[in-house]
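Undergrad: Residue numbers (this note's numbering), protein chains in the order written: chain A, 1 to 288; chain B, 289 to 630; chain C, 631 to 882. Just dropping this structure here.
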Amino acid sequence: MDLAAAVLLQAVAGVATLLIVSLGLAVIFGMMRVINLAHGEFLMLGGYATVLSVRAGASVWLGILVIAPAVVGAVGFVVERLLIRHLYGRMVDTMLATWGLSLALIGGVTMLFGDSVSGFSAPFGSVPIGRFRISGYSLFLIAMAGVLVLGTWLVLRFTRAGLIARGTMQNPDVAATLGVSPARVYAVTFTAGAALSGLAGGLIAPVSGVLPTMGTAYIAKAFITVITGGAAILAGTLSASALLGTVSTVATFLTTPVFGEVVLLIVAIVLLRLLPRGITGRFLRRAL
Amino acid sequence: MAGPQTLARRQAPRDRAWMASGAAVLLGVVAAVVLPQVLELFALINATVFVSMAVLALSLALVWGFGGILCFGQAAFFGLGGYAYAVAALNFSDTTFAVPVALLVATAAAAVLGYIMFFGRISDVYVGVITLTVTLILFNFANSTAGDEWRIGAAPLGGFNGIPSTPLLNVPGEPGAGLAPEAIFRIAVIALAICYAIARLVLRSRFGRVVVAIKENELRAELLGYDVRLYKLGVFSIGGCMAGLAGVLFANCVFVSPTMFSLSYSAQVIIWVMVGGLGTLVGPILGCILLQMLTTWAGTLRDINPNVILGVILMAVVLAVPRGLLPSGIALLARFRRGPPR
Amino acid sequence: MTPLLETRAVSMRFGGVLAVDQVSLRVDEGELRCLIGPNGAGKSTFFKCLTGQLKPSGGRIFWRGRDITGADSFAIARLGIGIKTQVPALFDGLTVRESVVLALRRTHREAAAQARAMATLERLAIAGLAERQVGLLAHGERQLVELAMVVAPEPELIILDEPTAGMSAEETARTGTLIRELNRRHAVIVVEHDMQFIRSIARIVTVFHHGRVLMEDVVERVLADPRVRDVYLGKSAEPAGAPVPCHNTAPA
């Protein structure tokens with residue numbers, strides 16, 4: 001019984017992590033059809049922002065929840081202005097340019113900070129579940145995932161910005177008719193997506209360790225989760241994370257972490273073969 | 289109507305392909321003879337690596353530039369070719385069997401993956417995702433094969449260390465006598481030349497022209513009665529075979545390891561093709577060799593990380609020269625030739 | 631007599647929208663049929679069901695009595711059905727001649743394909759464009775190139791979706807003549823919008839409205855029918871020059 005609960009919580013934590021890590025990418029892809037291959041590096045920058053601010057004396061919570069998203073949001077704004085803006089509609093070119101950006105960021109951070117692992121230990125210690133213990137931080141991540149999903153849903157559903165965003169997603173001319181320039185919508189969206197990625201980076205920093213290449217471990221999974229999820233930002237990411245995250249955790253539990261990864265990837269391929277437009281390309285199509 | 293003028297015009301493109309192929313093979317032979325005399329050993333081995341990468345670049349140039357298939361995972365077939373070669377060579381003492389086995393494995397893998405994708409009508413971005421994913425799976429898998437229980441016949445897979453004792457090619461019939469680096473370089477260069485020739489001729493054949501048409505407009509090709517799935521499968525398999533050959537060559541100048549499946553190689557191939565010129569065969573070869581030389585040089589720099597250079601180049605190329613260096617260079621040259629406006 | 635092409639209660643549903651609703655029609659060998667209807671009436675969707683671009687949600691399609699419902703586009707093309715899409719589907723990077731040769735190359739060897747390609751280009755009076763790159767041609771020229779690709783393999787049935795879109799008056803007239811000439815040897819289905827053009831070529835017309843067949847009759851009776859006029863905003867069905875009352879009865 002305890003084992004079941006512990007495994008279940010592990011699985012949910014795995015889903016939560018996948019969701020947190022994918023949400024920023026989903027916002028950018030779902031809204032702008034831009035595939036940002038530097039997403040992993042946005043995570044990485046968020047991690048570094050957190051670690052550095054903690055080292056400079058700030059509280060961990062300030063670092064993760066405020067500084068990381070602010071810094072990476074700013075980076076995202078600059079990137080959108082200088083790079084992405086020129087490549088709208090050119091999906092392949094955007095992928096390549098952001099891949100270049102990813103390489104440059106990894107190289108740049110390596111130059112500045114070396115490639116050793118930094119980090120800080122996860123707060124909250126461990127929590128007992130019957131005979132087993134589960135890390136309190138995992139529970140925190142689950143809670144944060146919930147907060148992020150709720151927050152994103154509230155913004156999309158109830159704010160004017162969210163309405164414009166949803167409209168632009170369906171049809172870029174909507175923004176213009178509502179009196180907002182599409183360019184501005186895209187700039188804000190990309191910045192928001194980057195900020196979410198920065199936040200995610202801060203959140204996973206204690207778990208994964210912060211090093212220049214930390215993003216590369218997540219980019220593939222995030223990418224696959226977003227594509228498998230399909231066009232709807234929340235419903236897609238939620239359903240894909242739930243499915244892939246659960247499968248992966250169970251596989252990891254039964255075999256090894258490497259096979260957990262492999263199983264996740266295989267399930268994603270099968271899913272894409274069956275549902276070529278992602279999960280929300282077929283089900284839940286009206287969802288946010 | 290089919291007079292000498294039209295006949296001559298009709299033959300020209302076919303002749304051009306044969307001429308280019310012949311020239312390539314000739315150039316390859318010349319390079320194979322001359323360069324080993326000129327270069328010292330270390331440079332020669334480096335050059336062999338560059339050439340094997342050029343074959344990899346050529347494979348993607350064909351599949352992406354002419355087939356329109358954005359494959360993020362040529363590295364998968366590259367690695368599979370390398371590993372299959374090493375495993376076969378360790379199991380049979382003569383490497384003469386290992387080479388066709390490696391090519392067969394790489395081609396079969398491409399055929400299976402291609403079938404899953406193209407007959408599932410998956411296209412564009414999703415092909416990129418799936419091929420990337422498969423490469424990642426292989427990378428993860430290869431990394432986890434440390435330990436003695438992971439062996440195929442006499443060949444341990446070696447986990448993240450790979451197979452350091454990858455046997456070198458031997459003269460057919462004389463197992464155990466691995467070829468010298470000069471000979472391996474020669475084989476690599478000739479292989480590149482032959483691959484180029486084959487690519488040119490394939491593109492000139494009816495099959496190749498349909499493939500290019502599919503890239504231009506898949507719907508129209510299908511409405512003309514062509515089963516586009518088969519053609520895409522075909523060109524994808526040929527690309528996989530070439531990538532496998534590149535893996536065999538690589539195995540002979542470096543050694544087989546999971547890095548062959550890494551994201552880094554997948555990225556670099558795409559960069560070479562893009563920078564060199566998507567839609568040409570020569571461009572990616574040149575782009576590959578140039579960029580590798582650049583990266584090697586950048587690796588010797590103390591202050592700048594080579595990734596930064598590569599990344600900046602890629603961004604600059606996409607923004608400024610999206611068609612790639614070779615096509616833009618040709619266009620620029622054409623402008624010079626036309627001279628100033630009268 | 632077995633009809634050449636027959637659909638029985640073909641429907642196409644997209645989520646909540648029923649774009650094509652139980653359309654049954656039959657086209658006989660050598661017939662010239664026009665499908666007309668205002669925008670949104672479902673003609674183009676129906677067209678895509680015929681060409682295999684869409685698999686119908688309901689109903690069946692028969693070719694010479696054989697059930698071909700849900701067949702792939704290439705299989706349908708191989709039956710001898712030539713298809714010209716609304717937005718010209720062309721090989722922009724190839725020359726005109728290369729494009730037409732490709733249309734023939736599946737069933738002919740190189741020399742024969744080249745010869746027939748040139749013959750087709752001459753038949754359509756665009757032989758002068760043979761070496762031009764398709765992507766650089768004007769819109770009307772592109773339509774003719776696409777027609778050349780469709781016509782070259784001598785299909786039994788030719789389906790054209792708005793063949794005169796974007797054409798000049800002269801090109802439209804040429805196309806009309808061409809379609810009538812084609813009809814001497816092939817059955818033709820034309821999906822169109824332009825009433826003048828319909829009047830010049832049509833015999834039997836099927837009128838679409840809200841995804842259903844409103845009526846099917848000879849062109850004179852159709853054009854005189856008040857329901858058809860309502861459906862069309864009254865505009866195109868009037869003889870040229872008459873004032874146009876603006877009553878908005880067309881579907882949104």
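The beta-carbon is built from N, C-alpha and C at its ideal position, and this holds for glycine as well.
Strictly below 7 Å CB to CB, what residues from chain C border B:P569?
TA: The residue labelled residue 569 of chain B in the question sits at position 281 within the second sequence. One detail in the question is off: residue 569 of chain B reads as Leu in this sequence, not Pro. Ordered by position in chain C, no residue passes the 7 Å Cβ test against B:L569, which lies about 16 Å from the chain.
Undergrad: Mind checking B:M341: buried by the 16 CB within 10 Å criterion, or exposed?
TA: In the second sequence, counting from the first residue as 1, residue 341 of chain B sits at position 53. Per the 10 Å Cβ criterion, buried.
Undergrad: Just to make sure I have the definition right: I need the residues of chain A whose C-beta is within less than 7 Å of the C-beta of B:R611. Which are they?
TA: As a first step, residue 611 of chain B must be located in the second sequence, where it is residue number 323. Residues of chain A passing the Cβ test: none, with the nearest at roughly 11 Å.
Undergrad: Alpha carbon to alpha carbon, how far is B:E470 from B:V318? Give it in angstroms, no decimals.
TA: Counting from 1 along the second sequence, the entry for residue 318 of chain B is found at position 30. Counting from 1 along the second sequence, the entry for residue 470 of chain B is found at position 182. Using only the alpha carbons, I get a separation of about 14 Å.
Undergrad: Leaving aside the five residues before and after A:V210 along the sequence, list all residues of the same chain whose C-beta is less than 7 Å from its C-beta, in chain order.
TA: Mapped onto the first sequence, residue 210 of chain A falls at position 210. Excluding residues within five positions, the ones whose Cβ falls inside 7 Å are G47, Y48, V51, V117, S118 and G119.
Undergrad: The alpha helix (DSSP H) spanning A:M111 covers which residue range?
TA: By 1-based counting over the first sequence, the position of residue 111 of chain A is 111. Here the alpha helix (DSSP H) through A:M111 covers M91 to F113.
Undergrad: Could you give the C-beta distance for A:V258 and A:A26, rounded to a whole number, given that I count them as a contact under 8 Å?
TA: Numbered from 1 along the first sequence, position 258 holds the residue referred to as residue 258 of chain A. Numbered from 1 along the first sequence, position 26 holds the residue referred to as residue 26 of chain A. So it is not a contact: roughly 26 Å between Cβ atoms.
Undergrad: Roughly how many whole angstroms lie between the Cα atoms of B:V266 and B:I440?
TA: Since the first and last residues shown for chain B are 289 and 630, residue 266 of chain B lies out of range.
Undergrad: How many angstroms separate the CA atom of B:S432 from the CA atom of B:P546?
TA: Here residue 432 of chain B is taken as the residue at index 144 of the second sequence, counted from 1. Here residue 546 of chain B is taken as the residue at index 258 of the second sequence, counted from 1. Distance between the alpha carbons of B:S432 and B:P546: 9 Å.
Undergrad: Measuring CB atoms only, is the region 318–329 of chain B touching the region 461–479 of chain B, in the sense that at least three cross pairs come out at less than 8 Å?
TA: Verdict: yes, contact present.
Undergrad: Along the chain, where does the alpha helix (DSSP H) that runs through A:M31 open and close?
TA: Position 31 of the first sequence holds residue 31 of chain A. It spans D2 to M32 - the alpha helix (DSSP H) in which A:M31 sits, taken as one unbroken run.
Undergrad: Which residue from A:M1, A:E80, A:D2 and A:G24 puts its Cα closest to that of A:A145?
TA: Here residue 145 of chain A corresponds to residue number 145 of the first sequence, with the count starting at 1. Among A:M1, A:E80, A:D2 and A:G24, the Cα nearest to that of A:A145 is on A:G24.
Undergrad: Can you round the beta-carbon distance between C:G682 and C:K673 to whole angstroms, since I take them to be within the 8 Å contact cut?
TA: Your numbering for residue 682 of chain C matches position 52 in the third sequence. Your numbering for residue 673 of chain C matches position 43 in the third sequence. Rounded, the Cβ-Cβ distance is 17 Å, inconsistent with contact.
Undergrad: What does a CB cutoff of less than 6 Å around B:C483 pick up in its chain, not counting 5 residues either side in sequence?
TA: Translated into the one-based positions of the second sequence, residue 483 of chain B becomes position 195. Excluding positions up to five away in sequence, the list reads V343, L346 and M530.
Undergrad: Put C:C930 into one of helix, strand or coil per three-state DSSP.
TA: Here chain C comprises residues numbered 631 to 882, so residue 930 of chain C is not present and cannot be evaluated.
Undergrad: Among A:A183, A:Q10 and A:P128, which one has its Cα closest to the Cα of A:H86?
TA: Indexing the first sequence from 1 puts residue 86 of chain A at position 86. The shortest C-alpha separation from A:H86 is found at A:A183.
Undergrad: By Cβ distance below 8 Å, which residues in the same chain neighbour C:L812 in space, the five residues on each side in sequence not counted?
TA: Numbered from 1 along the third sequence, position 182 holds the residue referred to as residue 812 of chain C. Correct list, in chain order: V781, I788 and V818.
Undergrad: Shorter than 8 Å from the beta carbon of A:G14 to some beta carbon of chain B?
TA: Here residue 14 of chain A is taken as the residue at index 14 of the first sequence, counted from 1. By this cut-off, A:G14 is not an interface position.
Undergrad: Work out the CA separation of B:F354 and B:A501 for me, nearest whole Å.
TA: Along the second sequence, read from residue 1 onward, the residue named residue 501 of chain B stands at position 213. Along the second sequence, read from residue 1 onward, the residue named residue 354 of chain B stands at position 66. Their Cα atoms are separated by approximately 9 Å.
Undergrad: Under 7 Å Cβ-Cβ, which residues of chain B neighbour C:S703?
TA: Residue mapping note: residue 703 of chain C aligns to position 73 of the third sequence, counting from 1. Result: E510 and L511.
Undergrad: Tell me the rounded alpha-carbon separation between A:R273 and B:I410.
TA: Indexing the first sequence from 1 puts residue 273 of chain A at position 273. Indexing the second sequence from 1 puts residue 410 of chain B at position 122. C-alpha separation (whole angstroms): 7 Å.
Undergrad: Any residues in the region 425–437 of chain B with a beta carbon nearer than 8 Å to a beta carbon of chain A? Which ones, in chain order?
TA: Flagged, chain order: I425, N428, F429, N431 and S432.
Undergrad: Once you ignore the five residues that flank A:L271 on each side, which residues in its own chain have a CB closer than 6 Å to its CB?
TA: Residue mapping note: residue 271 of chain A aligns to position 271 of the first sequence, counting from 1. These residues qualify, in order along the chain: T228.
Undergrad: With DSSP collapsed to three states, give me the class of B:V459.
TA: Translated into the one-based positions of the second sequence, residue 459 of chain B becomes position 171. Note: B:V459 maps to coil in three-state DSSP.
Undergrad: Can you check DSSP and say which residues form a bridge with C:K714?
TA: Numbered from its first residue, the third sequence carries residue 714 of chain C at position 84. For C:K714, which the question treats as bridged, DSSP gives the partners C:L790.
Undergrad: Just how far apart, CA to CA, sit C:E728 and C:L759?
TA: Within the third sequence, residue 728 of chain C is the residue found at index 98, counting from 1. Within the third sequence, residue 759 of chain C is the residue found at index 129, counting from 1. If you take the alpha carbons of C:E728 and C:L759, they lie about 11 Å apart.
Undergrad: Mind listing, in chain order, the continuous beta strand (DSSP E) runs of no fewer than 3 residues lying wholly within the region 824–855 of chain C?
TA: Those beta strand (DSSP E) runs which fall completely within the region 824–855 of chain C and span 3+ residues are 834–839 and 842–848.
Undergrad: Note the first and the last residue of the continuous beta strand (DSSP E) segment covering C:E822.
TA: By one-based count along the third sequence, residue 822 of chain C stands at place 192. Residues A817 to E822.
Undergrad: What first and last residue would you give for the beta strand (DSSP E) that runs through B:F380?
TA: In the second sequence, counting from the first residue as 1, residue 380 of chain B sits at position 92. Run containing B:F380: none; DSSP gives neither H nor E here.
Undergrad: So is C:E761 buried or exposed if we call it buried at 16+ other beta carbons inside 10 Å?
TA: To locate residue 761 of chain C, count along the third sequence from 1; it is residue 131. Its Cβ having fewer than 16 others within 10 Å, C:E761 is exposed.
Undergrad: Nearest by alpha-carbon distance to B:W560: which of B:V536, B:L589, B:V606 and B:G587 is it?
TA: Counting from 1 along the second sequence, the entry for residue 560 of chain B is found at position 272. Of B:V536, B:L589, B:V606 and B:G587, the residue nearest in Cα terms is B:V606.
Undergrad: Roughly how many whole angstroms lie between the Cα atoms of C:V640 and C:G841?
TA: Within the third sequence, residue 640 of chain C is the residue found at index 10, counting from 1. Within the third sequence, residue 841 of chain C is the residue found at index 211, counting from 1. Those two C-alpha atoms are separated by around 10 Å.
Undergrad: Residues of chain A with CB under 8 Å from B:M603, in chain order?
TA: Taking the second sequence and counting its residues from 1, the one referred to as residue 603 of chain B is at position 315. Within chain A, the residues near B:M603 are L83, A97, G100, L101 and A104.
Undergrad: Between the alpha carbons of C:A649 and C:M845, how many angstroms are there, rounded?
TA: Here the question's residue 649 of chain C lines up with position 19 in the third sequence. Here the question's residue 845 of chain C lines up with position 215 in the third sequence. Going from the Cα of C:A649 to the Cα of C:M845 covers about 17 Å.
Undergrad: Thinking C-alpha only, which one of B:A481, B:Y514 and B:L551 is nearest B:A316?
TA: What you label residue 316 of chain B is simply residue 28 of the second sequence in a count that begins at 1. In the sequence under discussion, the amino acid at residue 316 of chain B is Gly, which differs from the Ala named in the question. It is B:A481.
Undergrad: Flag this pair as yes or no: are the beta carbons of C:L720 and C:R638 separated by less than 8 Å?
TA: What you label residue 720 of chain C is simply residue 90 of the third sequence in a count that begins at 1. What you label residue 638 of chain C is simply residue 8 of the third sequence in a count that begins at 1. Contact flag unset, no.
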